[in-house]
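Just so we're aligned, residue 122 is where the sequence shown starts under this note's numbering, counting upward by one.
Reviewing the structure listed below.
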Amino acid sequence: MLNFELWQERSSFDLDATALSDLGKSYGLLEGATAFFDDVVENADELSNDFVVRATQLVATSQCVLRTTLRRFGIPFGVDQPQRETFELLRAFINESDARAVFDGLRKDDVAALDEQEGFAETLEETREQLRERLEIIKRRKTAWATLAYNVETLGDPSADLPSVWSRIVRATTNLCDELGEPPSSVRLRELLRNAISEIPDEVEKTAAFCRVAQQIDVFLENERAQTESESRLEDAEDFVSSELQTARERYSGGKIVFVGGIPQEHLRKRLEKAFQAEVLWASFDHGDSLDRFGSFLRDPDVGLFVVYIPWCSHKHSEELTAEIRAVGKDYIRQRKGTNPEMIARTICQQLSLSNGRDPS
122 MLNFELWQER
132 SSFDLDATAL
142 SDLGKSYGLL
152 EGATAFFDDV
162 VENADELSND
172 FVVRATQLVA
182 TSQCVLRTTL
192 RRFGIPFGVD
202 QPQRETFELL
212 RAFINESDAR
222 AVFDGLRKDD
232 VAALDEQEGF
242 AETLEETREQ
252 LRERLEIIKR
262 RKTAWATLAY
272 NVETLGDPSA
282 DLPSVWSRIV
292 RATTNLCDEL
302 GEPPSSVRLR
312 ELLRNAISEI
322 PDEVEKTAAF
332 CRVAQQIDVF
342 LENERAQTES
352 ESRLEDAEDF
362 VSSELQTARE
372 RYSGGKIVFV
382 GGIPQEHLRK
392 RLEKAFQAEV
402 LWASFDHGDS
412 LDRFGSFLRD
422 PDVGLFVVYI
432 PWCSHKHSEE
442 LTAEIRAVGK
452 DYIRQRKGTN
462 PEMIARTICQ
472 QLSLSNGRDP
482 S
């Protein structure tokens, strides 16, 4: 921090109360801008370069405002300790940072235009408040990431209460996405959760944000698996039809299948249609939506199957919907993992007790 001496006590200048007040305010702006600059530099690794440039601009402008005020009262500028230290501080920082181009022409005799002087204190305070808000978000993000990482690690503890641990994971993930700006497609989220997310207990209530993250992870893993598969086989993997897929195809071919959960993925919908030779309708719904929207599917005689994809649905909605499906006597499965048609066909045969390519109904 710079040493802002009581320059007003110098006896070599004859200044009235107004001049002393104006000069005191100008030195106060220089001190405030420099304190803000110190805070930004201290947290520079966590902040965008825009904050660093703005802090440097504020210090430079505050020094220009001070020089302008001094000149107005006929006082030499650039000779007292605060100004010299401020100038050298700026020069040293600019020479070591990306801000050099912005202030390459900084001179010791720069002064401020009238429009730069007016409202400077308000601008400085507004920027300070933005910094406080940003640092608070950074602090909250660190806490949320630490909480998430700790609870993911706790999943490996045999004595852990898994539903409780998963509830904390859901809350931390939701906080990061809904409150702190982390995108559902975040690589960091994916790498933390990819090996565990398919094991979340059914009874754990999931939020819309967590379901979006789960969908992004599943889509990534499926694409990764497909890529590996295509590289390891000369023939197209989709040309292979297992007995389970053949059984499911015979049961639903020509009809409609409703895929429930997540955000519609056109490439996945078309892949399922090709595999099952049926029209696939994607029913996406958020946590606040009513189940009434499924009425048309439940009444449609051509709908033969509902695929309720558990990782992309809330527990409450999936339970209520499956109860309504049972009431009208339609097929449904609860798919816990995998959007590959073969995996879905295997679940169909297991949960509907279809085997050996024969349909018991």
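Think of the CB as a built atom: it goes at the ideal place given N, C-alpha and C, for glycine as much as any other residue.
Check	Outcome
May I ask you to verify whether the region 305-319 touches the region 419-427, counting CB pairs closer than 8 Å and requiring at least 3?	no
Measure the Cβ-Cβ separation of F415 and E463 and say whether it is below 8 Å.	no
Can you name, in chain order, every residue of its own chain whose Cβ lies under 8 Å from the Cβ of V273, other than the five neighbours on each side?	I290, L313, L314 and A317
How is Q471 classed by DSSP in three states: helix, strand or coil?	helix
Once the 5 residues before and after I454 are set aside, which same chain residues still bring their CB inside 8 Å of it?	L426, F427, V428, V429, I465, T468, I469, Q472 and L473
Go through its chain and collect everything with a Cβ distance to L269's Cβ below 6 Å, but skip five positions before and after it.	A293
Can you tell me whether T368 is buried or exposed? The criterion is at least 16 other CB atoms within 10 Å of its CB, across all chains shown.	buried
Run through the region 357-422 for me and flag every whole alpha helix (DSSP H) of 4 or more residues, listed as ranges in chain order.	364-373, 387-397 and 416-420
Which residue wins for smallest C-alpha separation from G145, given the options V173, V162, E167 and T190?	T190
Measuring alpha carbon to alpha carbon, tell me which residue in L141, I384, S435 and E247 is nearest L412.	S435
On the criterion of 16 or more Cβ atoms from any shown chain inside 10 Å, does Y271 qualify as buried, or is it exposed?	exposed
Closest by CA to D421, which one among L402, S147 and Q178?	L402
Just the Cα atoms here: how many angstroms apart are L366 and G459?	14 Å
So what's L426 in DSSP terms, helix, strand or just coil?	strand
If we count the other Cβ atoms within 10 Å of its Cβ and call it buried at 16 or more, is H438 buried or exposed?	buried
What is the DSSP secondary structure of A220, reduced to helix, strand or coil?	Reliability of the predicted coordinates at A220 is poor, the pLDDT of 43 falling under 50, and no value is obtained from them.
Going by alpha carbons, who is nearest to A404 out of L389, G383 and P284?	G383
Rank A154, L283, R333 and P284 by C-alpha distance to the C-alpha of P305 and give the top, closest one.	R333
Kindly identify the DSSP beta-bridge partner or partners of I454.	V428
From S142 to W266, what does the alpha carbon distance come to, in whole angstroms?	48 Å
Taking the alpha-carbon positions, what's the F555 to L168 distance?	Since the displayed the chain opens at 122 and closes at 482, residue 555 lies outside it and no answer follows.
Classify L301 as helix, strand or coil using the three-state DSSP reduction.	coil
For D339, count neighbouring C-beta atoms within 10 Å of its own C-beta (all shown protein chains included) and say buried if the count is 16 or more, exposed if not.	buried
Express the C-alpha separation of L301 and I196 in angstroms, rounding to a whole number.	50 Å
Compute the Euclidean distance between the alpha carbons of L389 and K260, then round it to the nearest angstrom.	39 Å
Output yes or no for whether 8 Å exceeds the beta carbon distance between T155 and V180.	yes
Along the alpha helix (DSSP H) that carries D160, what are the first and last residues, could you check?	A138 to E163
How long is the line joining the alpha carbons of A138 and F241, rounded to whole angstroms?	22 Å
Do you know whose CA, among N296, T443, R193 and P385, lies nearest K327's CA?	N296
Here's a check: name, in chain order, each residue in its chain whose Cβ is nearer than 6 Å to the Cβ of F194, leaving out the five neighbours to either side.	A140
Regarding R333 and the ligand ATP, is the C-beta to nearest heavy atom distance less than 7 Å?	Judged by which ligands are present, the structure shown has none, so any question about the ligand ATP falls away.
What does the alpha-carbon distance come out to for the pair I431 and T443?	11 Å
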